[in-house]
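Residue numbers (the numbering used here), protein chains in the order written: chain A, 5 to 108; chain B, 3 to 487. Positions of the beta carbon are idealized from the N, C-alpha and C atoms, including for glycine. Everything numeric in this text was worked out from a predicted model, so none of it was measured. In what follows, a structure is listed as structure tokens, so that the remarks can point back to it.
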Amino acid sequence: MILEPLVNYLFVSVVLFAIGVYGLVTKKNALRMLFAVEILINSANLNFVAFTRYLHPTSVTGQALAMFSISLAAAEAAVGLAIILAVFRLRKDVDVSEIKGLRG
Amino acid sequence: MSTVFYYAAIFTVSSMLVSMLSLSRSSSVRQSIPFFVSLAALLLSLTLTLFKMLNYLSAPSPIYTNLFHEDFLAYFFALTVLLVSLFVVLSSRNYMWGERNLAVYFSLLLFSTLGMVLLSFAADLLMIVVAWELMSIPTYVLAGLRKSDPFSNEASVKYFLLGAFSSGILLYAISLTYGLTGTTNLNAVLQNLQQLPNPLDPIAILMLALYIAGFGLKMSVVPFHMWIPDAYEGAPTTISAFLSAGTKKAGFVVAIRVFVVALPFLSVNWTTAFAILALATMTLGNIAALTQRSVSRMLAYSSIAQAGYLLIGFAVASGPAKTLGLIGVLFHVFNHAVMQSAAFLAVAAVDRAIGKVGLDSFASLWRRMPITALSLAVALLALAGIPPLNGFWSKLVLFTAAIQGDMAWLAVAAVLNSALSLGYYAWVIKRMYIDEPTGLGAQSKIREPTLISAVLLIATAITIVVGIYPSLIYDLAKAAVLAYQ
């Protein structure tokens with residue numbers, strides 16, 4: 005069956021997505037949460053490429069989207085690291101559960 | 003040449019120019035020129051939008067390209083977000099005066115505005131992702147602009163993590179859409195989805211849930227609202243106004259394009275979801291707002307509650323009341339943008355003049371800062387939906403749509419919520435007009451920041467004029483909704 009390899013790719017992508025969400029929900033370290041987001045975005049990239057290869061081989065939209073999303077993720081990581089660095093300079097710690105000055 | 007190109011040119015050139023000014027040695031150049039350049043860019047693009055809107059009203063001429071839909075819906079949202087940006091830029095002149103990175107601040111503000119404008123026009127999921135990031139990434143930095151302020155840092159890191167999460171989820175949802183339909187153009191998605199054997203396809207349901215979560219994080223829908231109060235309280239108050247009145251509205255226009263335009267075939271799934279989310283969002287927002295001690299935090303929760311009212315329009319968007327519901331969404335988006343930015347900017351004025359925004363600073367504010375107090379009172383009454391202010395009419399349209407769309411329970415809940423919300427809005431007004439001030443020197447009059455006062459007066463004027471002649475904006479919203487149906 006032709007779809008067999010696609011299912012494998014989708015399985016990996018779903019596992020990556022789950023790891024990303026799990027990391028964001030359970031981890032307290034801002035850097036680890038940033039890694040989790042990167043994993044999440046990569047799971048989407050894998051989807052784009054796999055769908056193009058197996059379902060829509062004549063279109064290049066999927067690959068183009070993957071390229072865009074890689075560069076956007078890089079921009080996001082750059083800004084995120086800068087913000088986390090600023091927090092670290094102030095507190096010597098990037099534990100999000102410790103950052104709770106704002107309370108209702 | 004397409005209009006979107008003009009917006010892109012205006013904003014790219016001006017924000018590049020502004021960011022280069024940050025390298026200047028002269029501090030007066032770094033402090034003043036960025037403001038004037040941003041102001042010029044915004045006034046130019048507002049003029050362009052108004053001109054295009056007038057042209058469109060006399061002779062409808064939507065332009066559809068692969069990436070952009072230049073229809074009246076787009077112009078309506080572009081007008082709203084540009085107006086909010088104009089308010090924010092004008093107030094920043096007073097509020098941010100003396101901050102170190104002023105050129106960077108204005109440059110990022112312009113980039114984010116360009117992202118919101120592009121988002122109003124975007125009609126391709128690829129363009130939506132790029133514009134979404136262009137809108138979001140500068141605001142992460144803007145929220146944390148005061149690097150030495152721990153609250154600003156906290157707001158920024160929380161906002162960034164949740165914002166990055168939302169773009170990740172959004173990308174995954176788009177990848178599923180691409181897998182199901184083989185395209186990212188919203189019109190083509192609409193056509194290809196109709197060939198789907200069954201609207202209850204599990205992948206389609208997962209895709210919808212991810213879209214709702216991804217957009218919901220920006221639109222402050224309830225299970226995804228946790229970052230809102232922290233971000234709005236910790237960020238510089240002008241940026242809170244920008245986030246609440248600007249970027250949130252851009253979330254709504256994409257949601258309209260994606261759900262109502264591209265995915266009506268799956269509406270069995272999303273109408274009920276939106277009805278439940280609307281109920282949860284407005285109830286939780288209002289109840290949480292009742293217990294707040296800080297005015298900016300209260301406004302953050304009130305902003306969540308207002309998102310709940312807006313979601314009513316989505317809940318009815320596949321039934322008989324579709325047109326009325328969407329008109330209500332557009333009308334309320336405009337009104338909420340004006341009222342909410344006025345409220346936040348009034349808080350910014352108090353913050354700048356008195357230095358803190360606890361409820362105590364607001365005691366008998368009308369004697370100390372009469373213009374600010376009056377504008378804040380009008381904005382809060384409009385947010386509560388008191389006639390004859392603009393908030394009343396847009397809420398009326400939304401609630402009527404709920405009744406026509408066989409969701410009378412939702413309308414009843416929304417009316418009860420509006421009554422509840424008056425509880426905390428009236429409390430602030432009582433604080434400003436009735437309570438006696440405590441502490442020394444709390445009686446003396448304070449010089450109000452000039453430009454913020456001007457912005458507040460303009461916003462108050464819009465609130466009252468639209469309240470007396472609601473058809474001004476209602477007709478525009480109607481034209482926008484009818485244009486693409």
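Alpha-carbon to alpha-carbon, residue j and residue i
i, j, result
"G108 of chain A", "V98 of chain A", "Because G108 of chain A sits at a pLDDT of 49, beneath the cut-off of 50, its placement in the model cannot be relied upon, and the following sentence gives the value as read from the coordinates. Distance between the alpha carbons of G108 of chain A and V98 of chain A is about 22 angstroms."
"A42 of chain B", "L88 of chain B", "10 angstroms"
"A175 of chain B", "T186 of chain B", "11 angstroms"
"G66 of chain A", "S150 of chain B", "42 angstroms"
"V380 of chain B", "T462 of chain B", "7 angstroms"
"A243 of chain B", "N57 of chain B", "31 angstroms"
"T273 of chain B", "L398 of chain B", "20 angstroms"
"S377 of chain B", "A351 of chain B", "11 angstroms"
"S16 of chain B", "Y77 of chain B", "21 angstroms"
"L361 of chain B", "W368 of chain B", "14 angstroms"
"S366 of chain B", "A78 of chain A", "50 angstroms"
"K54 of chain B", "A479 of chain B", "15 angstroms"
"L484 of chain B", "M300 of chain B", "36 angstroms"
"Q33 of chain B", "L92 of chain B", "14 angstroms"
"R354 of chain B", "S17 of chain A", "49 angstroms"
"G327 of chain B", "W411 of chain B", "15 angstroms"
"A61 of chain B", "F394 of chain B", "31 angstroms"
"M228 of chain B", "F316 of chain B", "22 angstroms"
Member of the options whose CA lies at the smallest distance from the CA of residue i
i, options, result
"L20 of chain A", "A:Q67, A:L44, A:T65", "A:L44"
"V31 of chain B", "B:L52, B:N57, B:S63, B:V106", "B:V106"
"L382 of chain B", "B:D408, B:R102, B:S366, B:S420", "B:S420"
"V468 of chain B", "B:N392, B:L453, B:A481, B:V399", "B:N392"
"L23 of chain B", "B:P36, B:F13, B:V15, B:I12", "B:P36"
"A206 of chain B", "B:N189, B:K220, B:A166, B:T183", "B:T183"
"D232 of chain B", "B:L45, B:T283, B:V297, B:P204", "B:V297"
"V457 of chain B", "B:L279, B:T240, B:L112", "B:T240"
"G117 of chain B", "B:V224, B:V6, B:L378", "B:V6"
"E80 of chain A", "B:Q342, B:D126, B:T141, B:F261", "B:T141"
"S122 of chain B", "B:T14, B:F226, B:K251", "B:K251"
"L52 of chain B", "B:A307, B:F74, B:F261", "B:F74"
"M137 of chain B", "A:I87, A:E102, A:L76", "A:L76"
"S496 of chain B", "B:I388, B:A481, B:W411, B:S446", "Since the first residue shown for chain B is 3 and the last is 487, residue 496 of chain B is missing from the structure and cannot be characterised."
"S446 of chain B", "B:V256, B:I356, B:A413", "B:I356"
Under the three-state DSSP convention, the category residue i falls into
i, result
"G387 of chain B", "coil"
"E438 of chain B", "coil"
"S24 of chain B", "coil"
"Y486 of chain B", "coil"
"S75 of chain A", "helix"
"Y66 of chain B", "strand"
"E80 of chain A", "helix"
"D353 of chain B", "helix"
"D97 of chain A", "coil"
"A124 of chain B", "strand"
"S296 of chain B", "strand"
"H71 of chain B", "strand"
"N46 of chain A", "helix"
"N33 of chain A", "strand"
"G360 of chain B", "strand"
"N103 of chain B", "coil"
8 angstroms Cβ shell around residue i - same chain, five flanking residues per side excluded
i, result
"M5 of chain A", "With a pLDDT of 49 at M5 of chain A, under the threshold of 50, the modelled position of this residue cannot be trusted, and the question is left open."
"A40 of chain A", "I23, G24, V25, Y26, G27, L28, K31"
"E235 of chain B", "F153, A157, S242, S296, S298, R299, A302"
"V83 of chain A", "none"
Same chain only: Cβ atoms within 6 angstroms of residue i, ignoring 5 sequence neighbours per side
i, result
"V100 of chain A", "K32, A34"
"L144 of chain B", "L110, I241"
"G407 of chain B", "V318, G321, A323"
"I23 of chain A", "I43"
"A257 of chain B", "F217"
"L120 of chain B", "A133"
"R370 of chain B", "K447, I448"
Cβ-heavy atom distance, residue i to the ligand GDP, below 7 angstroms
i, result
"F55 of chain A", "Absence of the ligand GDP is noted for the structure shown, with no ligands found whatsoever."
Sequence-distant residues of its chain with Cβ nearer than 7 angstroms to residue i (five each side left out)
i, result
"Y303 of chain B", "P231, G287, A290, A291, Q294"
"V53 of chain A", "G66, Q67, A70"
"F55 of chain A", "G66"
8 angstroms Cβ cutoff, residue i in contact with chain C
i, result
"V132 of chain B", "Absence of chain C from the displayed structure is noted, the protein chains being A and B."
Closer than 7 angstroms, Cβ to Cβ, to anything on chain A: give me those residues from the region 97-122 of chain B, in chain order.
none
Against chain B, which members of the region 50-63 of chain A pass a CB distance test of less than 7 angstroms?
N51, F52, F55, L59, H60, S63
Can you list, in chain order, the residues of the region 180-205 of chain B whose Cβ is nearer than 8 angstroms to any Cβ on chain A?
Y180, G181, G184, T185, T186
Short of 8 angstroms Cβ to Cβ, which residues in the region 143-171 of chain B face chain A?
V143, G146, K149, S150, P152, F153, N155, E156, A157, S158, V159, K160, F162, L163, A166, F167, S169, G170, I171
Positions along the region 66-88 of chain A whose CB lies within less than 8 angstroms of some CB in chain B:
G66, A68, L69, F72, S73, L76, A79, E80, V83, G84, A86, I87, I88
Name, going along the chain, the residues of the region 12-39 of chain A whose beta-carbon falls closer than 9 angstroms to a beta-carbon of chain B.
L14, S17, F21, G24, V25, L28, A34, M37, L38
Using a Cβ cut-off of 8 angstroms, which residues of the region 12-34 of chain B contact any Cβ in chain A, in chain order?
none
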